[in-house]
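What follows is a single structure, written as structure tokens, with notes after it.
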Amino acid sequence: MFSIRSFARAAPRTISRLSTSTLRTQSARPVSLLQSAWRPARTQCVAAFSTSTMRRSEGEGDAELVAKLESEIQMENEMKEDGGIPTSVKDYLENGPFEIIDTPGQEDVVLTRTFGDEKIKITFSIADLNSLDPEADYQDRAMADENEDGINEGEGKNFKVAPEDQIEGEEGAEGEEEQPSFPARLNIIVEKPGKGALAVESVVQDGMVVIDNVYYYTDAAHAHAKSAEKVHERQDLYVGPPFGNLDEDLQVLLERYLDERGINTALAIFVPDYIDMKEQKEYLRWLENVKGFVEA
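For the sequence shown, the positions run 158 to 453 when this note's numbering is used.
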């Protein structure tokens, strides 16, 4: 689920930007001939004064920064203790068909499995959570709420609500509201020995797997391309049309093809929850590393 912490991190640093802009503007102003003549003596005095000021304030700033980092670390630890591992993540790790490769300090997470003679590799990243725009997400939800209120009110605002509908609405308000998940990209590679590979670009959200593109490579190395040479080689290859241009029946059959290999609703629920959990761990690790660096 989309973490509230992400909203706080997205707050603009307006004051910092304004101060930087002011300094740049001041430095760009022309200096008169008289001012230029006096500049050496004045600069020497200011430098001597500002150096002592910088040295004195540097220690104070470090202490304040460390205190803030400690506060953030404490808050993250409390959130981790209260939340624990999400049920969807725990269940999938115990019962899912994929083996997970999660390297601390790395953004990408890899899922692997075999299916007959096929090797399947799925890659997703916590960067999808960090790249979200919380303000746009808030506006979308607010607009959806307004539209829903307008429908319930009716055109003349004299729309009568049936008793059973009213009870259902009250129960929904009292119950826990289910928050929508965020879109997470999956890069899927299905490889067969000596037969090349299929590379599927898809997005998972709210328990759904949406295919964007299906590519075929005669050389499986192009599907896994990371080196500049392989990436350059595959740029000129024809690997297939946009998925939306395919016949609808063919689209359905390709979706079933992935579903049979475990790329399904369970995976679509697991991935966003795991991304949110891992992002919290990596953020906590980052806080601790920065704190250790400043204190050193």
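For each residue, glycine too, the CB sits at the ideal point set by N, CA and C.
In this structure, residue 288 and residue 430 do not form a Cβ contact; the two beta carbons are roughly 18 Å apart against a cut-off of 8 Å. Proximity to residue 448 across 412, 352, 227 peaks at 227, based on C-alpha coordinates. The Cβ-Cβ distance between residue 359 and residue 367 falls below 9 Å. Of the candidates 369, 395, 362, the residue whose Cα lies closest to the Cα of residue 403 is 369. For residue 343, the uninterrupted beta strand (DSSP E) segment begins and ends at 341-349. For residue 234, the three-state secondary structure derived from DSSP is helix. By the criterion of a C-beta distance shorter than 8 Å, residue 266 is surrounded in its chain by 257, 258, 259, 280, 281, 282, 283, 431, 432, 435, once the five residues flanking it on both sides are discounted. Residue 238 has its alpha-carbon roughly 16 Å from the corresponding atom of residue 439. Around the beta carbon of residue 374, a 10 Å sphere encloses 16 or more other beta carbons of the protein chains shown; the residue is thus reported as buried. DSSP places residue 437 inside the alpha helix (DSSP H), whose first and last residues are 422-452. Contact between residue 274 and residue 349 is confirmed by a C-beta separation of about 6 Å, below the 8 Å threshold. Under the 10 Å beta carbon count, residue 406 is surrounded by fewer than 16 other beta carbons and is classified as exposed. Within a 10 Å sphere around the beta-carbon of residue 354 sit 16 or more other beta-carbons, which makes this residue buried. Within a 10 Å sphere around the beta-carbon of residue 220 sit fewer than 16 other beta-carbons, which makes this residue exposed.
Under the three-state reduction of DSSP, residue 400 is assigned to helix. Secondary structure of residue 241 (DSSP, three-state): coil. When the beta-carbon positions are compared, residue 453 and residue 362 stay at least 9 Å from each other. Within the DSSP bridge table, the entry for residue 358 names 344, 370 as partners. For residue 270, the uninterrupted beta strand (DSSP E) segment begins and ends at 265-272. The Cβ neighbour count for residue 410, taken over all protein chains shown within 10 Å, is under 16; the residue is labelled exposed. When only Cα atoms are considered, residue 250 and residue 218 end up about 44 Å apart. Residue 441 and residue 423 have their C-alpha atoms some 28 Å from each other. Contact between residue 371 and residue 397 holds, since their C-beta atoms are separated by about 6 Å, short of 8 Å.
Take the alpha-carbon of residue 386 and the one of residue 399: they are about 25 Å apart.
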